[in-house]
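**Student:**
Protein chains: 2
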Amino acid sequence: MKRKSSVTQKQVAKEAGVSQTAVSLIFNGDTSIRINDDTRKHVLDIADKMGYVPQAAARSLVQGHSNNLALVLLRPHQQVFNDPYIPNIITGFSEVARKGGFRIVVEQIDDASRLSVIRTMLKGGEVAGIVLSGSISSHQEITQLAEEGHPIVALSHSLNLNTTLHNIDIDHVDGVQQISKHLINIGYERIACISYAPAHDEQVQLRIATFQKVLEEHGRRLEPTLIRYGNYDPDSGYTAMKELLAQKQLPEAVYCMNDLMAMGAMAAIRDAGLNIPSDIAIVGYDGMRFAAFTEPPLTTIHAPEVEQGRLAAQTLIDLLHSTSSKSLSAGKTKALTEKVHYLKPKLVIRQSCGWKHKTNTEATTQNEVISIESLSSSQPLLTK
Amino acid sequence: MKRKSSVTQKQVAKEAGVSQTAVSLIFNGDTSIRINDDTRKHVLDIADKMGYVPQAAARSLVQGHSNNLALVLLRPHQQVFNDPYIPNIITGFSEVARKGGFRIVVEQIDDASRLSVIRTMLKGGEVAGIVLSGSISSHQEITQLAEEGHPIVALSHSLNLNTTLHNIDIDHVDGVQQISKHLINIGYERIACISYAPAHDEQVQLRIATFQKVLEEHGRRLEPTLIRYGNYDPDSGYTAMKELLAQKQLPEAVYCMNDLMAMGAMAAIRDAGLNIPSDIAIVGYDGMRFAAFTEPPLTTIHAPEVEQGRLAAQTLIDLLHSTSSKSLSAGKTKALTEKVHYLKPKLVIRQSCGWKHKTNTEATTQNEVISIESLSSSQPLLTK
DNA sequence: ACGTATTACTAATACGTATTAGCTGACTGG
DNA sequence: CCAGTCAGCTAATACGTATTAGTAATACGT
């Protein structure tokens, strides 16, 4: 069980003819205690020559905290990486974490019983803080950990505003409103919806409720027969659309809750010999990279997911610094005054949703596309 | 800089009226030293009541190794998560790592100068071992670390067989052979290729060389004008295809090195008013989930990426156990006898590649699809 | 009754670092 | 010339655990 012996500060000290304390001081660049430049250089040389690397475990032990941040994914294993959502989050998260000198630990939990892993990681000092993604069924324990002072940031968990958790949220209510109003604005009356399972998920319910509200505000009705449930994947979109097509009265437009299911739905419509959008219009949700290249190009909502990952990491790091120095050092805590952050998604109009037949002031023609910049994102949106 | 005080073994010991040693023994379930069942139960009760969680840092320090495994991605930041390759690897990797009681640290390196991070992580004991993905330009240092006894497993790095690194590889030579032979078998003469940049990448060169070789073995020639370079993204596929379409003589078929670029290429062909596959056939590579739902459904190669992640993790863990116990405990090291593992990719035939006009014994009709099982993968392939 | 096992523990130490308190000698101001 | 400062270090200790060596008490066989 022994591991290879690594070079220690003591060995470096001996070789350099100084004390271990000196080596430690030099490596941590402490300014309050001064070290002669010659000595410093000499020690650094020797350390380099000996291949000295500080032992993370010893540092963590004595400093009382790790320099790992965790990304905990409370989602069924299958959902995590099929969809580009989590990869996008990781992209933003790791970018900021790295700049702050942190490593990231990715832990996926599909079973609610394994929720105690979070406690283990935080209380065991494996990580300094965590970002939490996914629907937290019993957040009793989570909230308690947060109240004990463990830095926790949740993603898209705004439904429980009474929580003590910090939360970085994409405003999907706004997104659903944007895209459903767009469909209404074009003039569709009979609009269907391909949603996610499980139907009881808070986020899913919120989205459906918002969709329904917008319809009703504009004199439409969400027919229960026009709601179908998929499971993130294109094939479930295909199946759901098949069911819609089997009904006697077809929908004029279909709102799909993600782009992958929209792709499946479009395939089903094509297979039925119908045209998109003149027979049935389709919109997606997520703004995946390929959405500009489907047949026809897919109208969708671009959610700033990378930015969400970034902001989550930054909030976590701020939180870390604010709890460590009991007296909140001025300024730093700007992001912490508000517990909930909202990021606005953006509508990306392409051909799959059709367009107004009657001219109007802000006509959207077939070839016109709204060009958007994703906020300094490393994932620039493509508009064909 | 202080962190909240956590419950220690000493505190539990005091509360339970035993020594710290006893608590340690009980928690590690050491069988060589026996503890009375009553005492054990009593201590565990108290520990639970006090919310004791072992400190990871202290354990690592005294045991000399961490229980983290790293996944190091030597890739430009942008490439990592746009493509589902890495997410698939993570899926398989984390699945096995978790079962072995390890956490996973994901570290992405885009700058070769930051390659020393690997040294820092391994020698600093942050992680017990690493899985390496991406083209290692200077693997001088990596090999040295491996020779020093640090467990390292590389992914798809088989070009340097002289390496001391263990390697889990997908046999892309086989994959390229399968798909290019399929095109030739259908009867196409003039076949183009949309490749990756950078062109000097070893894997890219190998794939192009293989493609070329297959063509030449079958009396064709890879016209230099028919090679284009994209960058993983659909829009680069679109652009590359536009260029091919601008030439006076069109290709009959195009081999795209991934599915996303194939999507872009298909959009370009449609935009030019041409038909797929009757005017130009398209094949992709990767077997992404949506490939069955493009217009037309995309013929592609399914690479067992999740399985690659799993096998990498398993090999790393085996390696860990074999180096820790100097006397290689029998059996366990089965996977370690061979340094290089190959996983075979599978051809998935759909409509985008067209089909033989003349009947033949093993005719592939428009609607027939080769159904495949991915090897116990949690990502079952979809065939429409 | 006596030596030996066995059970059930405890005391002491090591792991590698950060940190606190202190020590030495040189320089300074008056 | 002496008190005081300060630069440049060192000794000692703490962090929380695993592990080794050892001890006290009981059981056992003869």
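Protein chains in written order, with numbering that gives the first Met the number 0: chain A, 0 to 383; chain H, 0 to 383.
For every residue, glycine included, the Cβ atom is placed at its ideal position computed from N, Cα and C.
#1: Taking 8 Å as the threshold, find out whether the segment 304-317 of chain H comes into contact with the segment 119-132 of chain H through three or more Cβ pairs.
#2: If you follow the alpha helix (DSSP H) that Tyr237(H) is part of, which residue opens it and which one closes it?
#3: Would you say Thr119(A) reaches chain H, if we count a Cβ-Cβ gap shorter than 8 Å as a contact?
#4: Helix, strand or coil for Arg58(H)? Go by DSSP, reduced to three states.
#5: In the DSSP assignment, find the alpha helix (DSSP H) that holds Leu24(A) and state where it starts and stops.
#6: If you follow the alpha helix (DSSP H) that Ala261(H) is part of, which residue opens it and which one closes it?
#7: Going along the chain, which residues of its own chain have a beta-carbon closer than 8 Å to the beta-carbon of Leu164(H), five neighbours each way excluded?
#8: With a threshold of 8 Å between beta carbons, is Ala12(A) in contact with chain H?
#9: Going by beta carbon distance, what residues of the same chain come within less than 8 Å of Ile89(A), once the five residues before and after it are set aside?
#10: What would DSSP say about Arg113(A), mapped onto helix, strand or coil?
#11: State the CB to CB distance for the pair Tyr195(A) and Gly148(A), rounded to an integer number of angstroms; the pair is presumed to be in contact (CB under 8 Å).
#12: Which residues in the same chain have their Cβ closer than 8 Å to the Cβ of Gly263(A), if we skip the five residues on either side of it in sequence?
#13: Quick check: the segment 180-188 of chain H against the segment 207-221 of chain H, are there 3 or more CB pairs under 8 Å?
#14: Got a sec: is the Cβ-Cβ distance from Phe104(H) to anything in chain A below 8 Å?
#15: Pick helix, strand or coil for Thr425(H), following the three-state DSSP scheme.
#16: Residues in its own chain within less than 8 Å of Gln211(H) by CB, not counting five upstream and five downstream?
#17: Which same chain residues, not among the five before or five after Ile32(A), have their C-beta less than 6 Å away from its C-beta?
#18: Could you give the C-beta distance for Met265(A) and Thr293(A), rounded to a whole number, given that I count them as a contact under 8 Å?
#19: Count Cβ pairs between the segment 15-22 of chain A and the segment 41-57 of chain A that sit closer than 8 Å; are there 3 or more?
#20: Leaving out the 5 sequence neighbours to the left and right, which residues in its chain are closer than 7 Å to Asn359(A) when beta-carbon positions are compared?
#21: I'd like the ranges of any beta strand (DSSP E) spanning at least 3 consecutive residues and lying wholly in the segment 124-186 of chain A.
#22: Would a check of beta-carbon distances place Thr224(A) closer than 8 Å to chain H?
#23: What residues in the segment 224-257 of chain A bring their beta carbon closer than 7 Å to a beta carbon of chain H?
#24: If you run the structure through DSSP and keep just helix, strand and coil, what is Lys338(H)?
#25: Quick one: what's Ala302(A) bridged to in DSSP?
#26: For Asp173(A) and Thr209(A), I'd like the C-alpha separation in whole angstroms.
#27: Can you tell me whether Gly218(H) is helix, strand or coil according to DSSP?
#28: Verify the CB distance criterion: does Pro86(A) have a CB-CB separation below 8 Å to chain H?
#29: Based on the DSSP secondary-structure assignment, which residues constitute the bridge partners of Val104(H)?
#30: State yes or no: is the beta carbon of Lys122(H) nearer than 8 Å to at least one beta carbon in chain A?
#31: Let me check understanding here. Comparing Cα to Cα, which of Ser134(H), Arg189(H), Lys343(H) and Leu114(H) lies closest to Glu201(H)?
#32: With DSSP collapsed to three states, give me the class of Tyr195(A).
#33: For chain H, find out if any of its Cβ atoms is closer than 8 Å to the Cβ of Gln54(A); answer yes or no.
#34: Could you check where the alpha helix (DSSP H) with Val52(H) kicks off and where it finishes?
#35: Which residues does DSSP pair with Gly229(H) in a beta bridge?
#36: How many angstroms separate the CA atom of His340(A) from the CA atom of Asn166(A)?
**Tutor:** On the basis of the data shown:
#1: Counting C-beta pairs with one atom in each stretch, the segment 304-317 of chain H and the segment 119-132 of chain H have three or more that are closer than 8 Å, which means they touch.
#2: Residue mapping note: residue 237(H) aligns to position 238 of the second sequence, counting from 1. Looking at the DSSP string, the run of the alpha helix (DSSP H) that includes Tyr237(H) is Pro233 to Ala245.
#3: In the first sequence, the residue the question calls residue 119(A) occupies position 120. For Thr119(A), the answer is yes, since a Cβ of chain H falls inside 8 Å of its Cβ.
#4: Translated into the one-based positions of the second sequence, residue 58(H) becomes position 59. Looking at Arg58(H) - three-state DSSP - the assignment turns out to be helix.
#5: Mapped onto the first sequence, residue 24(A) falls at position 25. Looking at the DSSP string, the run of the alpha helix (DSSP H) that includes Leu24(A) is Gln19 to Asn27.
#6: For the purposes of this step, residue 261(H) is taken as the residue at position 262 of the second sequence. Where Ala261(H) is concerned, the enclosing alpha helix (DSSP H) stretches over Asp258 to Asp270.
#7: Taking the second sequence and counting its residues from 1, one reaches residue 164(H) at position 165. Hits under 8 Å: Leu131, His138, Ile141, Thr142, Ala145, Ile151, Val152, Ala153, His156 and Lys338.
#8: Position 13 of the first sequence, counted from the start, is the residue given in the question as residue 12(A). So, not an interface residue.
#9: One-based indexing of the first sequence puts residue 89(A) at position 90. Non-local beta-carbon contacts of Ile89(A) in its own chain, meaning distances under 8 Å to residues more than five positions away in sequence, involve Leu70, Ile103, Val105 and Gly308 in chain order.
#10: Counting from 1 along the first sequence, the entry for residue 113(A) is found at position 114. It is helical.
#11: Residue 195(A) sits at position 196 when you count from the first residue of the first sequence. Residue 148(A) sits at position 149 when you count from the first residue of the first sequence. At roughly 35 Å, the Cβ-Cβ gap does not stay under 8 Å, so Tyr195(A) and Gly148(A) are not in contact.
#12: Position 264 of the first sequence, counting from 1, holds the residue named residue 263(A). So the qualifying residues of the chain are Gly229, Asp232, Pro233, Asp234, Ser235, Gly236, Tyr237, Thr238, Ala239 and Met240.
#13: Touching, yes, given that three or more Cβ pairs across the two stretches are closer than 8 Å.
#14: Residue 104(H) sits at position 105 when you count from the first residue of the second sequence. One detail in the question is off: residue 104(H) reads as Val in this sequence, not Phe. Taking 8 Å as the CB threshold, Val104(H) lines the interface with chain A.
#15: Outside the displayed span of chain H (0 to 383) sits residue 425(H), for which this structure offers no information.
#16: Here residue 211(H) refers to the residue found at position 212 of the second sequence. The residues are Leu221.
#17: Residue numbering aside, residue 32(A) sits at position 33 when the first sequence is read from its first letter. When the five nearest sequence neighbours on each side are left out, the beta carbons in the same chain lying within less than 6 Å of the beta carbon of Ile32(A) are those of Leu24, in order along the chain.
#18: The count along the first sequence starts at 1 and reaches residue 265(A) at position 266. The count along the first sequence starts at 1 and reaches residue 293(A) at position 294. Contact between Met265(A) and Thr293(A) is confirmed by a C-beta separation of about 6 Å, below the 8 Å threshold.
#19: They touch, by the three-pair rule.
#20: Start at 1 with the first residue of the first sequence, and residue 359(A) comes out as number 360. Note that Asn359(A) scores a pLDDT of 45, beneath 50, so its modelled location is shaky and nothing firm can be said.
#21: Whole beta strand (DSSP E) segments, 3+ residues: 128-132, 151-154 and 165-169.
#22: Position 225 of the first sequence, counted from the first residue, corresponds to residue 224(A). Answer no: the Cβ-Cβ gap between Thr224(A) and chain H never drops below 8 Å.
#23: Within the segment 224-257 of chain A, those residues whose Cβ lies closer than 7 Å to any Cβ of chain H are, in chain order, Asp232, Pro233, Asp234 and Tyr237.
#24: By 1-based counting over the second sequence, the position of residue 338(H) is 339. DSSP, reduced to helix, strand and coil, places Lys338(H) outside both helices and strands of the structure shown, so it counts as coil.
#25: Within the first sequence, the letter at position 303 stands for residue 302(A). Per the DSSP secondary-structure output, Ala302(A) pairs with nothing in a beta bridge.
#26: The residue you call residue 173(A) lines up with position 174 of the first sequence. The residue you call residue 209(A) lines up with position 210 of the first sequence. Across the structure, Asp173(A) and Thr209(A) are spaced so that their CA atoms are roughly 9 Å apart.
#27: The residue given as residue 218(H) occupies position 219 in the second sequence. In the structure shown, Gly218(H) sits in coil (DSSP, three-state: anything other than H, G, I, E or B).
#28: Within the first sequence, the letter at position 87 stands for residue 86(A). With 8 Å as the cut-off, Pro86(A) counts as an interface residue toward chain H.
#29: Taking the second sequence and counting its residues from 1, the one referred to as residue 104(H) is at position 105. The beta-bridge partner set that DSSP reports for Val104(H) consists of Val104(A) and Ala69(H).
#30: What you label residue 122(H) is simply residue 123 of the second sequence in a count that begins at 1. Yes, Lys122(H) lies at the interface with chain A (some Cβ there is under 8 Å from its Cβ).
#31: Here residue 201(H) refers to the residue found at position 202 of the second sequence. Among Ser134(H), Arg189(H), Lys343(H) and Leu114(H), the Cα nearest to that of Glu201(H) is on Ser134(H).
#32: Counting from 1 along the first sequence, the entry for residue 195(A) is found at position 196. Tyr195(A): strand per DSSP, three-state reduction.
#33: Counting from 1 along the first sequence, the entry for residue 54(A) is found at position 55. With a threshold of 8 Å between beta carbons, Gln54(A) makes contact with chain H.
#34: Counted from its first residue, the second sequence places residue 52(H) at position 53. Where Val52(H) is concerned, there is no enclosing alpha helix (DSSP H), because DSSP gives it neither an H nor an E.
#35: Here residue 229(H) corresponds to residue number 230 of the second sequence, with the count starting at 1. Bridge partners of Gly229(H) according to DSSP: Tyr195(H).
#36: Here the question's residue 340(A) lines up with position 341 in the first sequence. Here the question's residue 166(A) lines up with position 167 in the first sequence. In this structure, the straight-line span from the alpha carbon of His340(A) to that of Asn166(A) is close to 6 Å.
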